[in-house]
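Asks:
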């Protein structure tokens with residue numbers, strides 16, 4: 001296995017297909033290495049390819065800015081860590097650009113692309129912001145090829161009051177220390193830069209119990225030039241930025257404008273039980289305020305569910321199958337409603 005900074009899985013429909021292309025675009029959590037999600041995204045891709053074999057299908061995602069690892073193994077790659085670290089606003093701009101690029105690379109001449117966005121943790125916050133900005137500035141944020149975002153799937157989402165979560169409370173003190181990210185990143189780099197990759201990977205496996213792919217990705221993260229600093233810097237910025245519900249009724253699917261708009265985007269939220277990065281109180285408040293309850297007229301409001309299997313926040317390490325099955329269900333509902 002080689003740790004990559006982007007993932008793209010594609011299926012070409014049989015010739016003569018008249019169905020719209022489908023793009024599933026994934027936005028990572030923090031640490032923002034897309035390689036953590038390769039197994040999960042492969043499961044999602046296999047499901048889509050089986051169910052919608054008559055469509056052009058692409059599953060794509062990229063690491064967040066500042067988490068590049070390929071430059072450490074490939075000298076001709078661009079070192080994205082050199083000018084970092086990057087804050088949440090810069091990550092949103094980056095993801096918007098990468099989404100546009102993915103759509104352009106998947107476009108066909110005859111049919112617009114159906115797009116489903118999917119985000120994990122802070123990736124869910126970025127997802128909602130990408131949608132908000134597109135709705136507010138359609139002339140500058142319009143996606144290529146008349147692409148239509150039919151849905152957004154938010155997994156273990158940190159979209160409000162992250163500092164009130166159990167882990168937020170524990171680490172807020174450190175994030176408030178000036179230059180904490182810089183110093184901590186330097187110390188980790190100093191400790192591990194001289195240790196062989198395989199030795200660090202063995203240590204990571206021993207300490208964390210991670211399977212081999214996750215241990216290799218974590219090792220690449222630890223040994224990258226700026227990954228640890230970037231992760232800590234971004235986490236500190238999340239604490240300051242992710243507070244109250246920042247989105248209007250149109251995005252949440254409950255405004256009159258949404259009712260008249262044929263270009264609707266249905267949202268799904270899948271929360272963890274006792275998620276250490278999401279306070280139960282703030283989660284329940286968001287569900288009470290924004291979720292569909294099954295009443296007539298609430299079909300466009302978000303579907304919000306709480307996991308009942310004890311799935312951890314970092315599901316992509318060992319719990320890919322269960323979450324991929326849930327995503328499969330959400331996508332099937334989206335495709336039926338957008339037919």
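Residue numbers (UniProt numbering): 1 to 339. All residues carry an ideal CB built from backbone N, CA and C; glycine is no exception.
Can you list, in chain order, the residues of its chain whose CB lies under 6 Å from that of residue 214, leaving out five sequence neighbours each side?
Replies: Hits under 6 Å: 317.
Asks: Tell me whether residue 313 is buried or exposed, calling it buried when 16 or more other Cβ atoms sit within 10 Å of its Cβ.
Replies: Under this definition residue 313 is a buried residue.
Asks: Grab the span of the beta strand (DSSP E) containing residue 151 for me, first residue to last.
Replies: Start and end: 148-155.
Asks: Taking contact to mean at least 3 C-beta pairs separated by less than 8 Å, is the segment 278-292 in contact with the segment 179-194?
Replies: These segments do not touch.
Asks: Which residues mark the beginning and the end of the beta strand (DSSP E) in which residue 60 is found?
Replies: Note, residue 60: beta strand (DSSP E), 57-62.
Asks: Going by DSSP, name the residue or residues bridged to residue 119.
Replies: Paired residue(s): 27 and 154.
Asks: Could you give the DSSP three-state label for residue 191: helix, strand or coil?
Replies: Of the three classes helix, strand and coil, the one that applies to residue 191 here is helix, per DSSP.
Asks: Three or more C-beta pairs closer than 8 Å, one from the segment 266-285 and one from the segment 166-184: is that the case here?
Replies: Enough Cβ pairs lie closer than 8 Å, so yes.
Asks: Report the CB separation of residue 191 from residue 152 in whole angstroms; it is logged as a contact under 8 Å.
Replies: Rounded, the Cβ-Cβ distance is 39 Å, inconsistent with contact.
Asks: Nearest to residue 231 by alpha carbon, out of 6, 34, 66 and 27?
Replies: The shortest C-alpha separation from residue 231 is found at 66.
Asks: Inspect the beta-carbon positions of residue 132 and residue 247 and report whether they are closer than 8 Å.
Replies: Yes, the pair counts as a contact, with Cβ atoms nearer than the cut-off.
Asks: Going by Cα to Cα distance, which pick from 23, 13 and 39 is closest to residue 212?
Replies: Of 23, 13 and 39, the residue nearest in Cα terms is 39.
Asks: Which residues bound the beta strand (DSSP E) around residue 306?
Replies: Residue 306 -> beta strand (DSSP E) spans 303-306.
Asks: Tell me where the beta strand (DSSP E) around residue 6 begins and ends.
Replies: Note, residue 6: beta strand (DSSP E), 6-11.
Asks: Can you list the alpha helix (DSSP H) stretches of 4 or more residues lying completely in the segment 194-277, in chain order?
Replies: 197-208, 212-223, 227-241 and 256-259, all fully within the segment 194-277.
Asks: For the alpha helix (DSSP H) that contains residue 330, what are its first and last residues?
Replies: It spans 320-337 - the alpha helix (DSSP H) in which residue 330 sits, taken as one unbroken run.
Asks: Buried or exposed: where does residue 224 fall if 16 or more other Cβ atoms within 10 Å of its Cβ makes it buried?
Replies: Result: buried.
Asks: Nearest-angstrom Cα distance between residue 5 and residue 297?
Replies: Computed Cα separation, rounded: 42 Å.
Asks: Is residue 295 helix, strand or coil by DSSP?
Replies: Correct three-state label for residue 295: coil.
Asks: Looking only at its chain, what residues have a beta carbon closer than 6 Å to the beta carbon of residue 254, apart from the 5 residues adjacent to it on each side?
Replies: Hits under 6 Å: 301.
Asks: Does residue 19 pass the burial test, meaning 16 or more other C-beta atoms within 10 Å, or should it be called exposed?
Replies: With fewer than 16 Cβ atoms within 10 Å of its Cβ, residue 19 is classed as exposed.
Asks: Spatial neighbours of residue 95 within its chain, please: CB distance less than 7 Å, with the 5 preceding and 5 following residues excluded, ordered by chain position.
Replies: The residues are 27, 126 and 130.
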